[in-house]
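Since the structure comes first, as structure tokens, the remarks are kept for the end.
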Amino acid sequence: MKHLVLLLLFVTSFVARGENTFDLKAFAQHYYKTMTATQAPNAGTKELEAYLALLTDDVGSQHIPYQVDDSRTADGKELMRKGMSFYLGAHTHYESELLNTFTFNDSGFAIRYKNHAKGIHPQSKQQIEYTSVMMEVIEVENGKVAMIRKYHQ
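With mature numbering (1 follows the signal peptide of the UniProt record, and there is no 0) as the guide, the letters of the sequence shown map in order to residues -18 to -1, 1 to 135.
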């Protein structure tokens, strides 16, 4: 009986330790796939909400040179939802290729990718097309994205 109790304690501690393991590299891959799904021509609320589920409520976002403020506010996720909803479905073509993934202990990661998009700008109604190489540096807190910093190459 004593051996059974010790075995159960060992298995329980092993399982509990396994549940607390956060695979940052897998999370970075999932983030990239979920984020790029929001750029697809047929993207809708489902894709947007899947992406937003990865973020903290007070997520901060910075996209140099367009958005230089990197403040985190209580309504950060809601601001992301509003901003991304405006552009949702604007692309008629979108493709992306993940070039590199870098992880930094359990606190962050960076993804570098190349994308090509065509579409109609929702405000100006002008045709747009661009190809760019992007680097996103992501800070993670408690398994969620807390800060996004985007850079163009």
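Positions of the beta carbon are idealized from the N, C-alpha and C atoms, including for glycine.
The structure displayed is predicted, hence computed values, not measured ones.
Per-residue burial, residue i [other beta carbons within 10 Å of its own, 16 or more giving buried]
{"i": "residue 89", "result": "exposed"}
{"i": "residue 81", "result": "exposed"}
{"i": "residue -7", "result": "Any reading at residue -7 is ruled out, since the residue's pLDDT is 44, under 50, leaving its predicted position unreliable."}
{"i": "residue 9", "result": "buried"}
{"i": "residue 111", "result": "exposed"}
{"i": "residue 46", "result": "exposed"}
{"i": "residue 42", "result": "buried"}
{"i": "residue 135", "result": "exposed"}
{"i": "residue 48", "result": "exposed"}
{"i": "residue 127", "result": "buried"}
For residue i, the three-state DSSP class (helix, strand or coil)
{"i": "residue 107", "result": "coil"}
{"i": "residue 19", "result": "helix"}
{"i": "residue 25", "result": "coil"}
{"i": "residue 4", "result": "coil"}
Bridge-paired residues (DSSP) for residue i
{"i": "residue 101", "result": "73, 110"}
{"i": "residue 123", "result": "126"}
{"i": "residue 92", "result": "84, 119"}
{"i": "residue 132", "result": "45, 118"}
Beta carbon of residue i nearer than 8 Å to that of residue j
{"i": "residue 62", "j": "residue 37", "result": "yes"}
{"i": "residue 75", "j": "residue 100", "result": "yes"}
{"i": "residue 122", "j": "residue 92", "result": "no"}
{"i": "residue 95", "j": "residue 77", "result": "no"}
{"i": "residue 71", "j": "residue 26", "result": "yes"}
{"i": "residue 39", "j": "residue 22", "result": "no"}
is_contact[residue i, chain D] using C-beta, thresh 8 Å
{"i": "residue 55", "result": "Note that chain D does not occur in the displayed structure, where there is just one protein chain."}
Counting only runs that start and end within the segment 32 to 90, where is the beta strand (DSSP E) found for 3 or more residues in a row?
37 to 45, 73 to 86
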